[in-house]
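Protein chains in written order, with my numbering: chain E, 731 to 1239; chain H, 3 to 653; chain P, 471 to 569.
Built from N, CA and C at the ideal position, the CB exists for glycine as well.
Everything below concerns the one structure shown next.
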Amino acid sequence: MNVPWLTLLLLLPIIGSLVLTIMPARPGSALPKQIAIAFSVLTLALGVALAVGYDAGGGYQFTENTTWIKLFGAHYSLGVDGMGLTLVLLTVILTPVVMVASWNDGDTGRWGAKGFFAWILALEGLSVGVFAATDVFLFYVFFEATLIPVYFLVAGYGGPNRVRAAVKFLLFSLAGGLVMLASVIGLYVESAKTSGGPTYLISELADLDFGTSVGRWMFVGFFIAFAIKAPMFPVHTWLPDTTESATPGTSVLLVSVLDKIGTFGMIRFCLELFPEASRWATPAIVVLAIISILYGAIMAIGSNNIPRLIAYTSVSHFGFIVLGIFVMNSQGLSGANLYMFNHGLSTAALFLITGFMISRRGSALISDYGGVEKVAPVLAGLFLVAGLSSLSLPGLAPFVSELLVIVGAFVYTPWAAAFAVPATVLAAIYILWMYQRTMTGPVREGVIGMRDLNVREVSALAPLLLLIIVLGFFPKPLLDVINPSVEHTMSEVGLSDPQPNVTEAEVAK
Amino acid sequence: MISTATTVLTEAAHGGHVPVVDPGSAGSLALPLVLVIALPALGATVLLLGGRRTDRFGHLLGTATVAGSFICSLVLFFAILGRDAAHRQVSLDLWTWFSSGRWTVELGLLYDPLSALFLLLITGVGSLIHVYSIGYMAHDERRRRFFAYLNLFVAAMLMLVLASDYVGVFLGWEGVGLASYLLIGFWQYKPSAAAAAKKAFVINRVGDIGLALGIGLIFTTFGTTSFSKVSQLTSAASAGVMTAIGLLLLLAACGKSAQFPLQTWLLDAMEGPTPVSALIHAATMVTAGVYLIVRSQFIFEYTADARLAVSIIGTITLLMGAWIGCAKDDIKKVLAGSTMSQIGYMVLASGLGVAGYAFAIFHLLTHGFFKANMFLGAGSVMHGMDDDVNMRHYGALRKAMPVTFLTFTMGYLAIIGFPGFAGFWSKDKIIETALAQNPALGICALIGAGVTGFYMTRLMLLTFFTEKRWEPGVHPHESPKVMTVPLIVLAALSVLGGLLLLNDWIVTFLAPVTGAAPHEEPPLPAIVISLLAVLVVAVGVALAWFLIGKRDVPREAPAKVSVFTAAGRNDLYGDAFNDLVIVEPGKSFTGGLATFDRSTVDGGFTGTASALAGLSGRLRLAQNGFVRSYALSLLAGAALVLLALVVVNLG
Amino acid sequence: MSPTPFVVLSAILFTIGAVGVLTRRNAIVVFMCVELMLNASNLALITFARANGNLEGQIAAFFVMVVAAAEVVVGLAIIMTIFRTRRSASVDDASLLKY
């Protein structure tokens, strides 16, 4: 019997969310939190089981396909390849971590802890749907649906400007979604012209040739939506505002999971559906990516607000991912794929640790801190590890992906790499300068007596940091599933890696 | 493809032979090879994760792991010493680190004569410094963490010199950078220490740009980054590409080895505890740049231009370092300037090609001995002087600290190149080779030797001779045994280090890696050059004697000094230059960009939003609440529709 | 029989109704003017039904009458309530629902 594993995986948290919504609970009761954790751990177990069962040979697996709206050619069609699998894994790993880390963050919010955890579960389920959808229409529905939980998570829980931030987030995302909708409709119109009738299945769309100008217009529509989501310069400004107001847990889910939809979509839709248009747009996008890389890094250096700073570092990191995607070679694409996962881990760790610190001191401004290392050494130590992973120290997970992207850029053109690499220096400045200003020096007044991390907080961070270190030395399990999916993308786009200039044959001469 | 595990020689551009890296399998050496890194890595892990539970024995565990590592290094060394020269390279692939497309990077270890010497230096000197630190850090409540970081450093440094792939080198390269960051900023409650640590890391990262891009260029050119494969392919690459790779690697070396123009971090790095300065910022880490160049000889041998650039950078730095050393009153900063200068010698030598590689490594080893010795000696002095580093507050310490004085003197004689001491042999060889290949650089190196004589004599005089200038209440005393014994061992090595050159042993031993040098006739007989060098040094020493030893030393540094002294005190304005050209414009640019982001980029969106809000504010005034005006607009609308219908139907 | 006089009458009635809605303030009068417009359109519908010889117009007229009846019920109730709370049946006084 064919078990619809992915449907189960995405329904499990949504069911959890519904259970939380309808269950009665006294305010302050821990029961809803425990139920939420139970559901997210179950989802994690199922997700890991799927990952173990995934055959590293590549291709879409755990596929399901049912016709949904025949008139449009829309299908309820799920399946994961290496890229989808890694992102699904990232989602199911981060959700329980965020829950443990934000155990008390929802208590004071608009809809209480019950609502907080219910929205998180809903978001988890919808995110799995986004990464597993193999039908453009279904993807679009999930893509837009994820906005709902995030909107309520931001608007209901967080800082004083949260409603404004939530609206800004929603408007940016909706604007992107609207542009994308035009392209989605375009796909229907174009595919309806073919003999097979309208279809939204990626596998069938990838075989269609849309013609140069139509293909390019549709590409641009998708790309704008994903660039807003990713976010890239110059449509990044919603991210710092949102992370500034949201709770750390929400920021993690937003930046580490949801923003990945942008880069995921670039590979899945921009590259695979519109290869010609992608090659056409590559130079411009590479330039934009490099601007994002440097711009985000410089803005991070200039930030005095910790969540804003981390948001800007993400703009820089997403620049690397986009660069890796559009240099269009194995190293760049593998690096970008791996980067998505690693960035999720390192940024999550950074958001959560600084969140713990901010909740203790009650201020997100770097200038309010100083000498934290003296009073909270464990916090400082873990902060440093997370920071070092964000600056891609070799031996920590993000290094491998960043090096792959840089080398991929170098293969594309040395100039791209030469302009991107200085960001590693800037990364050292923004991380270590933040560390210097917050953790070192004499103990500042407001920091005196700050508690070190407690067991709950450390245990939320431990899996992240452990993964960061293990994957730094042994990223093979991920690369083993990513590489076949990269090869698939390369062949869809019709790319091959350039030969090295010097080969053994030449030496023999 | 070379199948046998022998050193196959390929024809190089300049007519000599460039050895390729072609290691055999590690076989029985695998266990010690893994242990040599694993032990300190394990030590660091246990001490960092163990927390306060390991406080009691942390220093002992840290020292034991490095000592164990040293024993493994000895085992390995004697194992390959027993083999013939062609079979001294072995490698061990641990696991595939990552792979993508045609690029596969093995996390592998390469053990050959070059790494063998480094292993002995790192673990040997490292062990001594660990022992010394037990005493030096005895009263620091975070001593356990200090040893954890030291162990981390040793593990990373060993990774650096054992890696079989440029990416593996990168791992160690940044690993030692991290350890250096942690240790410079060990007393991080001092803002100056925290700032110095960050500065060191950031400037090192600038150098790392070179390594990252170098890896990119090596991969695009050869399709691989492993030493053995690259070395087999370099003979067919174009000279331009080789020069580019060479220059990128030079940039990396400049960062890690504090060479001009990335030298400014090293002097600030003296904020760290003194054993750190001895181990990391004198004996081992800062020589990583030299290692990288010598290791990449199969690239540099095909590009005379890059080699010349290397030599020139080395020469500039050796003069700059010596200059700075003359002007400083802080004992550690004099030694730091001296380190820059001595590494300049090594870089100069490594730029001289086959003839110089072995001498670069030779000087690296002897320098490791005598500079570690002197740094630890300086630490011992500071220990007795209540952590005062100003030499103007010292004087006449030879009686108060006899052991420190004697061992320091051995180091002193070695560094100035007193005949028979270690430094004499190694520096002499570099000057000789430089004169033979490029007289201008050779003469600069000779001058540098004279200046070395001057500043080191000045340091000796100010510290151990002349009259007492101690701060009131300071009672100098000799350090405990646990600190003096490492000093004695290092002093002995400073005296005897020259033995490595006996029978040209080190040159022959390194030949499978660096290639055998064709004999070049120096412009003057070797003995004349040696005499000349000794003479120049003697002049420097005498000058110091007349300028400092014969005069009264003021306790406060005189404010009115010559331009040269002022420049030296200000590190030749390296920081001022960076501030003026990079830091300040960078700050303004960052500020400007923040404004741009708020006003223009975000302003574009928020502006659109407020424009829409304003427009809707106007439009909604039409909703005035009077039903009759709504009815009127209804009517107007209906009329409009009718009109449109009429127009369409008529048209 | 020519439909023209009926259509003209319907137009006149409709115009009177429309002008009444636009110019009068008393809610009852406005309401009656609306009824007048509805009936004017009923007249036109029936006229055209007759002219075309089918029933569709008449059916539509029935619908209009039903809607008008419902409207009377709701509308008068609203006017009554407004009058009770405000002591006035002027539509201009009920202008709170704005902007």
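Mapping DSSP to helix, strand and coil, what is residue i?
i, result
"H/L37", "helix"
"E/H966", "coil"
"H/H141", "coil"
"E/S759", "coil"
"H/W189", "coil"
"E/N1213", "helix"
"P/N496", "strand"
"H/D24", "coil"
"H/V603", "helix"
"E/G788", "coil"
"H/W547", "helix"
"H/S240", "coil"
"P/F476", "helix"
"H/S228", "strand"
"E/S770", "helix"
For residue i, count neighbouring Cβ atoms within 10 angstroms of its own Cβ and tell me buried if that reaches 16, exposed if not.
i, result
"H/Q625", "exposed"
"H/Y113", "buried"
"H/T341", "buried"
"E/L988", "buried"
"H/Y293", "buried"
"H/H479", "exposed"
"H/Y168", "buried"
"H/D430", "buried"
"E/G941", "exposed"
"H/D599", "buried"
"H/Y575", "exposed"
"P/P577", "Outside the displayed span of chain P (471 to 569) sits residue 577 of chain P, for which this structure offers no information."
"H/M3", "Note that H/M3 scores a pLDDT of 35, beneath 50, so its modelled location is shaky and nothing firm can be said."
Who are the neighbours of residue i on chain H, taking C-beta pairs under 9 Å?
i, result
"E/I932", "Going along chain H, no residue has its Cβ under 9 Å from E/I932, so there is no contact; the nearest lies around 24 Å."
"E/M1029", "T592, L595, A596, D599"
"P/S565", "N626, G627, F628, V629"
Using only CA atoms, which one of the options lies nearest to residue i?
i, options, result
"E/L820", "E/E974, E/G926, E/H966, E/P1193", "E/P1193"
"E/S921", "E/G803, E/W968, E/L851", "E/G803"
"P/L508", "P/F518, P/A497, P/L492, P/F533", "P/F533"
"E/G764", "E/K1206, E/T1219, E/M829", "Residue identity differs from the one stated: residue 764 of chain E is Gln in this sequence, not Gly. Considering only alpha carbons, the answer is E/M829."
"E/V771", "E/R756, E/P928, E/G855", "E/G855"
"E/S1120", "E/M910, E/S1226, E/F1050, E/I997", "E/F1050"
"H/V133", "H/P482, H/A241, H/A615, H/L634", "H/P482"
"H/Q265", "H/F203, H/S298, H/L250", "H/F203"
"H/V515", "H/F59, H/A28, H/L116", "H/L116"
"E/D835", "E/L1082, E/G789, E/L1112", "E/L1082"
From the DSSP output, read off the bridge partner residues of residue i.
i, result
"E/P1193", "Partner(s): none; E/P1193 has no beta bridge."
"E/S807", "E/N795"
"H/N392", "H/D332"
"H/F100", "H/V107"
"E/G888", "E/A976"
Find the residues of chain H that neighbour residue i, judging by a C-beta separation of less than 7 Å, and give them in chain order.
i, result
"P/S560", "Under the 7 Å cutoff, chain H gives no residues; its nearest Cβ is about 10 Å from P/S560."
"E/D1227", "G103, R104"
"E/V1232", "T223, F224, L235, A238, A239"
Please list, in chain order, the chain P residues whose beta carbon lies closer than 7 Å to that of residue i.
i, result
"H/V629", "V561"
"H/A633", "V491, L492"
For a contact meaning CB atoms closer than 9 Å, what does residue i contact in chain E?
i, result
"H/E143", "None at all; the shortest Cβ gap to chain E is about 11 Å."
Residue i touches chain E at which residues, Cβ-Cβ below 8 Å?
i, result
"H/S237", "V1237"
* Could you name the residues of the stretch 968-986 of chain E whose beta carbon sits closer than 9 Å to any beta carbon of chain C, in the order they occur along the chain? => Absent from the structure is chain C; the protein chains it does hold are E, H and P.
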